[in-house]
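Engineer: Below is one structure. I have some questions about it.
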Amino acid sequence: MGFLLTHQEKHHRTHHFLVLMDALISAAKHIEHFYLTGALKGNIGLAGSVNVQGEDVFRMDQIAQELTIHHLRASRRVIYAISEESEEIVPITPDGRYFVYFDPLDGSSNVPHGLPVGFMFGVARKSLEGEEDNHLRAGKDYIAAGMFVIPTGTFTLALKDAGAWRFHLDETMEFVRPTRILLPENRKNWELSFNSANRRTYSKGVQNWITNNESNYAFRYIGALAADFHRTLSNGGMFMYPAIVNHPDPRKNRPEGKLRLMYEAAVVAFICSEAGGGAVDESGRPILDVQPKGPHQRTALYVGSKPLVEDVTQSLAIPNPPVQ
Ligand code: FDP
Numbered sequence: 335m336g337f338l339l340t341h342q343e344k345h346h347r348t349h350h351f352l353v354l355m356d357a358l359i360s361a362a363k364h365i366e367h368f369y370l371t372g373a374l375k376g377n378i379g380l381a382g383s384v385n386v387q388g389e390d391v392f393r394m395d396q397i398a399q400e401l402t403i404h405h406l407r408a409s410r411r412v413i414y415a416i417s418e419e420s421e422e423i424v425p426i427t428p429d430g431r432y433f434v435y436f437d438p439l440d441g442s443s444n445v446p447h448g449l450p451v452g453f454m455f456g457v458a459r460k461s462l463e464g465e466e467d468n469h470l471r472a473g474k475d476y477i478a479a480g481m482f483v484i485p486t487g488t489f490t491l492a493l494k495d496a497g498a499w500r501f502h503l504d505e506t507m508e509f510v511r512p513t514r515i516l517l518p519e520n521r522k523n524w525e526l527s528f529n530s531a532n533r534r535t536y537s538k539g540v541q542n543w544i545t546n547n548e549s550n551y552a553f554r555y556i557g558a559l560a561a562d563f564h565r566t567l568s569n570g571g572m573f574m575y576p577a578i579v580n581h582p583d584p585r586k587n588r589p590e591g592k593l594r595l596m597y598e599a600a601v602v603a604f605i606c607s608e609a610g611g612g613a614v615d616e617s618g619r620p621i622l623d624v625q626p627k628g629p630h631q632r633t634a635l636y637v638g639s640k641p642l643v644e645d646v647t648q649s650l651a652i653p654n655p656p657v658q
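Take the sequence shown: its position 101, counting from 1, is numbered 435 in the working numbering, and each next residue is one higher.
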């Protein structure tokens, strides 16, 4: 909080954002606690329902959702929230100041194993001049975005035009020791991260790009965006979740991509941009420029070190070259 207070004072900003951040951090600490003790308390089983994306809901997902909404409500600073766990936009405080887009427990296949998951969020502010129409904001209009990697006690927060910062949880449950994150230019530790089982379902351009580049880099995939992207930020390289366009069963194609724009792709794109990197969708368009048409819109994602994102973008521009 000291870091944020200094930031707000330096930029002559109000205390409202601090109250909001306090709510998000409190929610994350509670989720962290429930996750750490989840296996013993029986919280990591299935809750027996499916969410708006048609996926199984784990009990932890519900706990994380309820905790987050509770803290956002208590802050009295949030007009409405969009959450992966709620089909409808969640109205919170009509005279609030911010919009919060979040996924309280991203990477749910890791939950039954107690392995890393993410609590990811983006924040936009209502228009302070003129009419507010409550439209869904594109990533370039977020004022902050962050991700807690649970239960590792790490928190990465990016503030508009003020950098990406990583914090660590100390023994008193405070996030301390902010370190500025800039993607390393030296390619020595760069990594590629994608679900390699899907590679033959990608566009031919992307398949060729992988064939031509994969031997230059280490490969890592944990299966939770926040955890995989955490490595990308530290080591450099690129995380990608391309569109699925060549599945042997065409019904399983996902030309629109898998990840959600507002609380997954735009969050990591915002953080990456503040760390000196880039992010594009399947058409090579910057993720931060994509204007959401709906709260749960999906997108393909290529995010990480600029030279790699720019390079793969060239392959995206080639519709369907022969596979090499
Ligand atoms: P999950 O479906 O397990 O919740 O969109 C969510 C996400 O995880 C990301 O966190 C992760 O990067 C990706 O999907 C994993 O998808 P695959 O299992 O298809 O690799």
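Using N, Cα and C, we set each Cβ at its ideal position, and we do this for glycine too.
Taking the alpha carbon of residue 395 as the reference point, which residue from 379, 493, 409 has its own alpha carbon closest?
Structural biologist: Residue 379 is the option with its Cα nearest to residue 395.
Engineer: Please determine, among 587, 530, 521, 372, the residue with the shortest C-alpha to C-alpha distance to residue 577.
Structural biologist: Cα-wise, what sits closest to residue 577 is 587.
Engineer: Return helix, strand or coil for residue 378, following the three-state DSSP convention.
Structural biologist: Residue state, collapsed to three classes: coil.
Engineer: Once DSSP output is grouped into helix, strand and coil, what is the label at residue 583?
Structural biologist: Residue 583 falls in the coil class under three-state DSSP.
Engineer: If distances are taken between C-alpha atoms only, which option among 624, 630, 629, 619 comes closest to residue 648?
Structural biologist: Checked all of 624, 630, 629, 619; the closest Cα to residue 648 is 619.
Engineer: Ignore the nearest five residues each way along the sequence and tell me which others in residue 601's own chain have a CB closer than 7 Å to its CB.
Structural biologist: Once the five neighbours on either side are set aside, the close Cβ partners of residue 601 are 454, 455, 456, 479, 481.
Engineer: Measure the alpha-carbon distance for residue 511 versus residue 349 and round it to whole angstroms.
Structural biologist: Between residue 511 and residue 349, the C-alpha separation is close to 21 Å.
Engineer: Is residue 562 near the ligand FDP - that is, is its Cβ less than 8 Å away from at least one heavy atom of it?
Structural biologist: The answer is yes for residue 562.
Engineer: Counting only the same chain and skipping the five closest in sequence on each side, list residues whose C-beta sits under 6 Å from that of residue 610.
Structural biologist: Excluding sequence neighbours, residue 610 sits near 516, 517.
Engineer: Please indicate yes or no: does the CB of residue 520 lie closer than 8 Å to some heavy atom of the ligand FDP?
Structural biologist: Answer for residue 520: no, Cβ out of range of the ligand FDP.
Engineer: CB of residue 559 to nearest heavy atom of the ligand FDP: below 8 Å?
Structural biologist: Checking the Cβ of residue 559 against the ligand FDP gives yes.
Engineer: Anyone know if the C-beta pair for residue 638 and residue 599 falls short of 9 Å?
Structural biologist: Not in contact: residue 638 and residue 599 (Cβ atoms no closer than 9 Å).
Engineer: For residue 580 versus residue 535, is the C-beta spacing smaller than 9 Å?
Structural biologist: In this structure, residue 535 lies closer than 9 Å to residue 580 by Cβ.
Engineer: Where residue 565 and residue 501 are concerned, what is the direct C-alpha to C-alpha distance, given to the nearest angstrom?
Structural biologist: Looking at the two C-alpha atoms, the distance is approximately 15 Å.
Engineer: Quick check on the burial criterion: 16 or more other C-beta atoms within 10 angstroms. Buried or exposed for residue 625?
Structural biologist: With fewer than 16 other Cβ atoms within 10 Å, it is exposed.
Engineer: Counting Cβ pairs, one atom from each stretch, are 3 or more of them under 8 Å apart for the stretch 440-455 and the stretch 546-561?
Structural biologist: Segments in contact, yes.
Engineer: Using a Cβ-based criterion (distance less than 8 Å to any ligand heavy atom), does residue 441 qualify as near the ligand FDP?
Structural biologist: It does: the Cβ of residue 441 is within 8 Å (strictly closer) of some heavy atom of the ligand FDP.
Engineer: When the Cα atoms are used, what is the spatial distance from residue 526 to residue 465?
Structural biologist: The alpha-carbon atoms of residue 526 and residue 465 are separated by roughly 44 Å.
Engineer: Hey, is residue 529 close to the ligand FDP, as in C-beta under 8 Å from one of its heavy atoms?
Structural biologist: Yes, the beta carbon of residue 529 sits closer than 8 Å to at least one heavy atom of the ligand FDP.
Engineer: Please list the terminal residues of the continuous beta strand (DSSP E) segment that includes residue 622.
Structural biologist: Looking at the DSSP string, residue 622 is not in any beta strand (DSSP E), and its letter there is neither H nor E.
Engineer: On the DSSP bridge list, what partners appear for residue 484?
Structural biologist: Its beta-bridge partners are 451.
Engineer: Look at the alpha carbon of residue 659 and the alpha carbon of residue 634, and state the distance between them as a whole number of angstroms.
Structural biologist: With the chain running from 335 to 658 in the structure shown, residue 659 is simply not present.
Engineer: Compare the C-alpha of residue 458 against each of 445, 404, 412, 418 and name the closest.
Structural biologist: Of the candidates 445, 404, 412, 418, the one whose C-alpha sits nearest the C-alpha of residue 458 is 412.
Engineer: Does DSSP put residue 578 in a helix, a strand or coil?
Structural biologist: Looking at residue 578 - three-state DSSP - the assignment turns out to be strand.
Engineer: What are the boundary residues of the beta strand (DSSP E) that residue 436 is part of?
Structural biologist: That run of the beta strand (DSSP E) goes 432-440.
Engineer: To the nearest whole angstrom, what separates the beta carbons of residue 472 and residue 622, a pair I think is in contact under 8 Å?
Structural biologist: Right, their Cβ atoms sit about 7 Å apart.
Engineer: Assuming residue 662 is part of the alpha helix (DSSP H), what are its boundary residues?
Structural biologist: Only positions 335 to 658 of the chain appear in this structure, which leaves residue 662 out of reach.
Engineer: Are residue 646 and residue 540 close, meaning C-beta to C-beta below 9 Å?
Structural biologist: It is a contact, given that the beta carbons lie within the stated cut-off.
Engineer: Going straight from the alpha carbon of residue 362 to that of residue 409, what length do you get?
Structural biologist: Computed Cα separation, rounded: 14 Å.
Engineer: Check whether the Cβ of residue 452 lies closer than 8 Å to any heavy atom of the ligand FDP, and answer yes or no.
Structural biologist: Yes, the Cβ of residue 452 comes within 8 Å of a heavy atom of the ligand FDP.
Engineer: In chain order, what are the residue ranges of uninterrupted alpha helix (DSSP H) at least 4 long that sit wholly in the stretch 494-561?
Structural biologist: Entirely contained in the stretch 494-561, the alpha helix (DSSP H) runs reaching 4 residues are, in chain order, 538-547.
Engineer: Are residue 533 and residue 593 closer than 9 Å when you measure CB to CB?
Structural biologist: No; because the gap between Cβ atoms is not below 9 Å, this pair is not in contact.
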